[in-house]
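Residue numbers (this note's numbering): 79 to 322.
Now the structure itself:
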């Protein structure tokens with residue numbers, strides 16, 4: 079698999095630098111720990127919204143920093159949870175004093191590290207709430223999760239909660255909105271082929287030319303079942319029926 083990269087270990091840092099350079103009037107980048115944040119942060123009397131998970135799912139979350147969306151994004155290494163110091167330092171950078179909402183995808187490493195970051199922030203008198211997104215109906219438990227995985231609803235939560243925060247909703251109001259979005263959000267995925275991470279350079283799993291993986295996770299976690307390749311109409315119907 080050919081990829082336009084320099085060193086695999088530099089992929090995330092270089093991508094963040096590129097985003098910040100391309101949109102320097104809107105976004106700034108911080109390294110060690112790595113995060114992107116709004117150039118105008120902190121914004122007076124505004125709840126700050128922070129999110130981020132493993133890299134490899136761009137433009138989420140790094141491409142969602144800006145007006146009406148995230149105040150900061152904390153991307154981990156590829157398919158790896160961000161570390162607590164990323165969220166903590168990002169919180170300090172964007173904190174206006176009225177609170178911070180962390181939108182957390184339901185993966186064990188993410189949940190644990192955001193929890194640690196929140197506890198440290200609270201000990202430093204930074205008001206933080208974590209809301210977990212767990213919308214994937216494919217499987218109850220997976221390789222990296224307890225319960226449902228956090229997937230597509232994260233995008234809706236980032237946009238809607240970001241807009242609410244921009245409208246100066248208070249922290250509890252934004253958090254309640256995020257909970258409502260998650261409760262009403264569902265997603266289901268499938269794959270035609272395996273992804274290939276920069277560090278590994280080979281497919282994460284084998285999938286035949288005439289097969290699909292139904293209910294697969296976004297990191298290649300096993301789905302519900304492997305099925306013969308079907309038409310677009312058939313696959314769409316299967317996905318929709320699983321959700322509703």
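Beta carbons: idealized from backbone N, C-alpha and C, even for Gly.
Would you identify the three-state DSSP class for residue i, choosing helix, strand or coil?
{"i": "residue 154", "result": "strand"}
{"i": "residue 207", "result": "strand"}
{"i": "residue 182", "result": "strand"}
{"i": "residue 125", "result": "coil"}
{"i": "residue 171", "result": "helix"}
{"i": "residue 196", "result": "helix"}
{"i": "residue 131", "result": "coil"}
{"i": "residue 224", "result": "coil"}
{"i": "residue 265", "result": "strand"}
{"i": "residue 257", "result": "helix"}
{"i": "residue 299", "result": "coil"}
{"i": "residue 294", "result": "coil"}
{"i": "residue 163", "result": "helix"}
{"i": "residue 229", "result": "coil"}
{"i": "residue 306", "result": "strand"}
{"i": "residue 319", "result": "helix"}
{"i": "residue 214", "result": "strand"}
{"i": "residue 143", "result": "strand"}
{"i": "residue 350", "result": "Outside the shown range of the chain, which is 79 to 322, sits residue 350, and nothing can be said about it."}
{"i": "residue 148", "result": "strand"}
{"i": "residue 289", "result": "strand"}
{"i": "residue 177", "result": "coil"}
{"i": "residue 187", "result": "helix"}
With a CB to CB cut of under 8 Å and the five nearest residues on each side skipped, what residues in its chain are close to residue i?
{"i": "residue 265", "result": "213, 214, 215, 229, 230, 231, 321"}
{"i": "residue 236", "result": "127, 129, 138, 139, 142, 147, 148, 181"}
{"i": "residue 260", "result": "209, 210, 211, 212, 213, 231, 235"}
{"i": "residue 296", "result": "135, 227, 229, 267"}
Compute the Euclidean distance between the alpha carbons of residue i and residue j, then round it to the nearest angstrom.
{"i": "residue 200", "j": "residue 315", "result": "46 Å"}
{"i": "residue 170", "j": "residue 160", "result": "16 Å"}
{"i": "residue 239", "j": "residue 255", "result": "7 Å"}
{"i": "residue 99", "j": "residue 304", "result": "42 Å"}
{"i": "residue 119", "j": "residue 154", "result": "21 Å"}
{"i": "residue 80", "j": "residue 280", "result": "10 Å"}
{"i": "residue 319", "j": "residue 289", "result": "20 Å"}
{"i": "residue 258", "j": "residue 243", "result": "15 Å"}
{"i": "residue 82", "j": "residue 225", "result": "36 Å"}
{"i": "residue 306", "j": "residue 217", "result": "20 Å"}
{"i": "residue 312", "j": "residue 251", "result": "40 Å"}
Please tell me whether residue i and residue j are closer than 8 Å, where the distance is taken between their beta carbons.
{"i": "residue 193", "j": "residue 208", "result": "yes"}
{"i": "residue 126", "j": "residue 149", "result": "yes"}
{"i": "residue 272", "j": "residue 298", "result": "yes"}
{"i": "residue 41", "j": "residue 144", "result": "Residue 41 falls outside the range modelled here, since the chain spans only 79 to 322, and no answer is possible."}
{"i": "residue 111", "j": "residue 202", "result": "no"}
{"i": "residue 156", "j": "residue 275", "result": "yes"}
{"i": "residue 109", "j": "residue 152", "result": "no"}
Grab me the residues of residue i's own chain with a C-beta within less than 6 Å of its C-beta, minus the 5 sequence neighbours each way, in chain order.
{"i": "residue 269", "result": "291, 294"}
Sorry if obvious, but does the Cβ on residue i come closer than 7 Å to a heavy atom of the ligand FMN?
{"i": "residue 118", "result": "The model on display carries no ligand, and the ligand FMN is accordingly not part of it."}
Leaving out five residues before and five after residue i in sequence, what residues of the same chain have Cβ atoms less than 7 Å from its Cβ?
{"i": "residue 123", "result": "174, 176, 246"}
{"i": "residue 336", "result": "Absent from the model: residue 336. The displayed extent of the chain is 79 to 322, so no value can be given."}
{"i": "residue 283", "result": "272, 298"}
{"i": "residue 188", "result": "131, 159, 182"}
{"i": "residue 107", "result": "94, 95, 98, 114"}
message: I'd like the ranges of any beta strand (DSSP E) spanning at least 3 consecutive residues and lying wholly in the region 91-122.
response: 105-108, 113-116
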